[in-house]
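Participant:
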Amino acid sequence: MNPIIFDQFKHPKFNGTYYHASSNSSPIFPKLIGEEKTDICIIGGGLTGISSALNLAETGQAVTLVEGMRIGSGASGRNGGQIVQGYSCDIETMIKTVGQEKSALLWSMAREAIEEIDRRINLHEISCARQSGYVFAATNNSQFKLLKRINQKLKNTFNYEATSVLDQNTIKKWVKTESYVGGLLDYGSGQFHSLKYLHGLTEVAKNTGVQFFEDSKAIQISGGDTITVKTAHGSVKAKTLIIAGNAYLRGLEDTLQRKIIRVTSTVGVTTPLSPTQINSVLPGGVPVADCNNILDYFRITDDKRLLFGAGADYLGRETKNKKSLIRNRIINLFPQLNEFDLEYVWNGFIAATKNQLPEIICAQPNIYIAQGFSGHGLALTGLAGILITEKINGVSERFDIFASINHRDMPLHPYRNPLLIAAMLINKLKDFYH
Ligand SMILES: Cc1cc2nc3c(=O)[nH]c(=O)nc-3n(C[C@H](O)[C@H](O)[C@H](O)COP(=O)(O)OP(=O)(O)OC[C@H]3O[C@@H](n4cnc5c(N)ncnc54)[C@H](O)[C@@H]3O)c2cc1C
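Just so you know, we're using the working numbering here: the sequence shown kicks off at 17 and counts up by one.
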C-alpha cells in the first residue's frame, strides 16, 4: 500500500463547504504510484463514479477508481442536497423532446433513481439525514399554470399520485414569502446530506473490493482493447473505462464535453436558526425550489441551518461576492428573517446539457461517459451507475434509451462566450418579465 500523503479537505486553500465541515467520516485513500491492472477503470470520485464502482463490484468486476482530488471534492460535496423527481426539463418539454413512450420509460427510471437512494441507505445503514417532501414554487401565473398541468400529467399519464397543487394561501404553510403565487407539493422528492451518503457508499464499495486512489488526476487516456489511464505517478490498464468527472473533469480532452456547459451556482449556509426563525421561513420543513431559469433553492438542514442556493453563471466563472449574493437573495425572499449569519458560502459547477437530460453514452465500445445531469444529479447519478453496470454486463435496453437521446453540441469557441452570455441574459429577462 502506498503511503497517505494528502488530505486536500484539510488544505488551507481548499474552499470547504458545509458538507465537508459536517461530515465526520471522510475516508482517505493513497495516491496511485506504479501500474495497476483491472477490469474497469473509473475517472472521478463523485456520486456517478462511486455508484458505478459499487454496482460493478457487486457483479464481480474488478474496479479501480482514480480521483484527482478527494472523494466528494466536486459537485457531490457542493450541492443543494435536494433529491428531486424527474429531470431538469419539465415533463411537457421532455415529451416534446423524446416523445411520449420514451418519456414514460425515462420517468419510471427517474423514480427508480430515488428509490435506489433509499434502498442503499436502508441496506447499508447510511446516516445522512434523508427526508421526504418538497415544494416546487411558482413566482408568476404562467409558472403556476405549468405546475398545475404537470400535476395532471403526472397523475393521468405516469400514474404518479404523490403531488398536490398548493394555492397562494396554502403554499404559505410551507414557505412564508409573498414572492410565490402557488406551488406543487411532492412527497416523492426530498433531501439529504449528499456527502455523508457518498462517504457511506464509498465505504461499502471499498469493502466490496473497489481499489481507490485519491490525488491521482487522470492526465492521459490511450485506447484500444486495453485502455491505459495515466496519472502523474502511475497508470491503470483496464478493459473498460468510465469517465465520471462531469463538470469537474479536468486535464483530459475538451472533445469529451462538447454536449455540456459548466454553470456556476452559489450556495450559502447560515449558523443554526432558532425554532421561531425556522417557523418564520420554512414552517413545513421541506426543501423548496422556484421555477425560474435562474432559480433559488433552499432547505433547512438537520442541524437547523438555512442552506440557500442561487445564481447561475453560464461561463463557469467564480462568483466575486458570494456572501452578498446569497444574503440579498435571502432578504429578498424572507425580509422577516432580519438576523442571520452566513457561516459557509461556496461555488460549485453544474454540468448542463441543452435539452437538460443527462448524457449517458458509450463514446467508444469500451469507454462510457455519464455527465450533464443539469442540476438533478443527486438521484440520476445513481441511475447512471446502474445503467452502465447493466450495459457492461450485457443488458443494454435501459442504457440504450439514454444513449439514443439526441444531444446537441454546445457552441464552440470563438462563439461560445458571447452566445452563452446572451442566453444567460435572456433567461434572466424571462424570469423578470413573466
Ligand atoms: C452548487 C450546486 C448545487 C446543486 N444542487 C443540486 C441539488 O440540490 N439536487 C440535485 O439533484 N443536484 C444538484 N446539483 C448537481 C449534483 O451535485 C451533480 O449532478 C452530481 O453531484 C454530479 O456527480 P458526479 O459524480 O457526476 O460529479 P462530481 O461530484 O463533480 O464528481 C466528479 C469528480 O471527478 C473528479 N475528476 C475530474 N477530473 C478528473 C481527472 N482528470 N482525474 C481524476 N478525477 C477527476 C473531480 O475531482 C470530482 O471529484 C448541484 C450542483 C452544484 C454544483
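Note that CB positions come from ideal geometry on N, CA and C, so glycine has one too.
Specify whether the stretch 225-242 and the stretch 191-203 touch according to this definition: at least 3 beta carbon pairs, one from each stretch, less than 8 Å apart.
Facilitator: no
Participant: From leucine 121 to threonine 179, what distance separates their C-alpha atoms?
Facilitator: 19 Å
Participant: Determine, for glutamine 101, whether the minimum Cβ-Cβ distance to residues of chain B falls below 8 Å.
Facilitator: As a matter of chain content, chain B is missing from the structure shown, which is built from one protein chain.
Participant: Going by DSSP, what residues sit across from tyrosine 313 in a beta bridge?
Facilitator: Ala305, Gly325
Participant: Applying the criterion that 16 or more other CB atoms from any shown protein chain within 10 Å of the CB defines a buried residue, is proline 303 buried or exposed?
Facilitator: buried
Participant: Express the C-alpha separation of glutamine 77 and threonine 286 in angstroms, rounding to a whole number.
Facilitator: 43 Å
Participant: Note down the Cα distance separating glutamine 168 from tyrosine 176, rounded to an integer number of angstroms.
Facilitator: Cα-Cα distance, rounded: 9 Å.
Participant: Give the secondary structure of lysine 255 by DSSP, where H, G and I count as helix, E and B as strand, and everything else as coil.
Facilitator: strand
Participant: Using a Cβ-based criterion (distance less than 7 Å to any ligand heavy atom), does tyrosine 264 qualify as near ligand 1?
Facilitator: Checking the 7 Å criterion, the Cβ of tyrosine 264 is within range of a heavy atom belonging to ligand 1.
Participant: The alpha helix (DSSP H) with isoleucine 408 in it runs from where to where?
Facilitator: Run containing isoleucine 408: 393-408, per the alpha helix (DSSP H) assignment.
Participant: Beta-carbon separation of valine 82 and alanine 254 under 8 Å?
Facilitator: Using a Cβ distance threshold of 8 Å, valine 82 and alanine 254 do not count as a contacting pair.
Participant: With distances taken Cα to Cα, identify the nearest neighbour of glutamine 352 among Ile243, Leu162, Leu298.
Facilitator: Leu298
Participant: What residue range is occupied by the uninterrupted beta strand (DSSP E) comprising threonine 369?
Facilitator: 358-369
Participant: Bridge partners for phenylalanine 228 per DSSP, in chain order?
Facilitator: The partner list for phenylalanine 228 (beta bridge, DSSP) reads Leu81.
Participant: Give the C-beta separation of alanine 305 and phenylalanine 152 to the nearest angstrom, bearing in mind that I take them to be a contact with Cβ-Cβ under 8 Å.
Facilitator: 6 Å
Participant: Using C-beta distances below 8 Å, list every residue in its chain close to tyrosine 103, excluding the 5 sequence neighbours before and after it, in chain order.
Facilitator: Around tyrosine 103: Met110, Leu122, Ala126, Gln372, Leu373, Pro374, Ser390, His392, Leu396.
Participant: Taking 8 Å as the limit between beta carbons, can you name the residues of its chain near cysteine 105, skipping five residues before and five after?
Facilitator: Thr113, Asn371, Gln372, Leu373, Ser390
Participant: Could you give the residue range of the alpha helix (DSSP H) that holds glutamate 413?
Facilitator: Where glutamate 413 is concerned, the enclosing alpha helix (DSSP H) stretches over 413-419.
Participant: Considering Cα atoms alone, identify which of Phe160, Glu355, Ile408 is closest to proline 381.
Facilitator: Ile408
Participant: Confirm the yes/no value for this check: CB of lysine 233, any heavy atom of ligand 1, distance under 7 Å.
Facilitator: yes
Participant: Does the distance between the C-beta of lysine 365 and the nearest non-hydrogen atom of ligand 1 fall short of 7 Å?
Facilitator: Per the sequence shown, residue 365 should be read as phenylalanine rather than lysine. For phenylalanine 365, the Cβ falls inside the 7 Å cut-off from some heavy atom of ligand 1.
Participant: Suppose contacts are defined by Cβ-Cβ distances below 8 Å. Is arginine 315 in contact with glycine 97 by that definition?
Facilitator: yes
Participant: DSSP on lysine 320, reduced to helix/strand/coil?
Facilitator: Assigned with DSSP and collapsed to three states, lysine 320 falls in coil, not helix or strand.
Participant: Within a Cβ cutoff of 7 Å, which residues of the same chain sit near lysine 118, ignoring the five residues on either side of it in sequence?
Facilitator: Ile417
Participant: Considering aspartate 55, what are the terminal residues of the beta strand (DSSP E) in which it resides?
Facilitator: 50-59
Participant: Cα separation between tyrosine 313 and glycine 325?
Facilitator: 5 Å
Participant: Does DSSP classify glutamine 273 as helix, strand or coil?
Facilitator: helix
Participant: Indicate, with yes or no, if ligand 1 has a heavy atom lying under 7 Å from the CB of isoleucine 258.
Facilitator: No, the Cβ of isoleucine 258 stays beyond 7 Å of every heavy atom of ligand 1.
Participant: Taking the alpha-carbon positions, what's the isoleucine 137 to valine 411 distance?
Facilitator: 26 Å
Participant: Please report how far the alpha carbon of asparagine 95 lies from the alpha carbon of alanine 145, in whole angstroms.
Facilitator: 15 Å
Participant: Could you tell me if serine 251 is buried or exposed, where buried requires 16 or more neighbouring beta carbons within 10 angstroms of its beta carbon?
Facilitator: buried
Participant: Counting only runs that start and end within the stretch 136-187, where is the beta strand (DSSP E) found for 3 or more residues in a row?
Facilitator: 151-154, 179-182
Participant: How do the stretch 61-73 and the stretch 257-272 stand: do at least 3 beta-carbon pairs fall below 8 Å, yes or no?
Facilitator: yes
Participant: Span of the beta strand (DSSP E) holding isoleucine 44?
Facilitator: Counting along the chain, isoleucine 44 falls outside any beta strand (DSSP E), and DSSP gives it neither H nor E.
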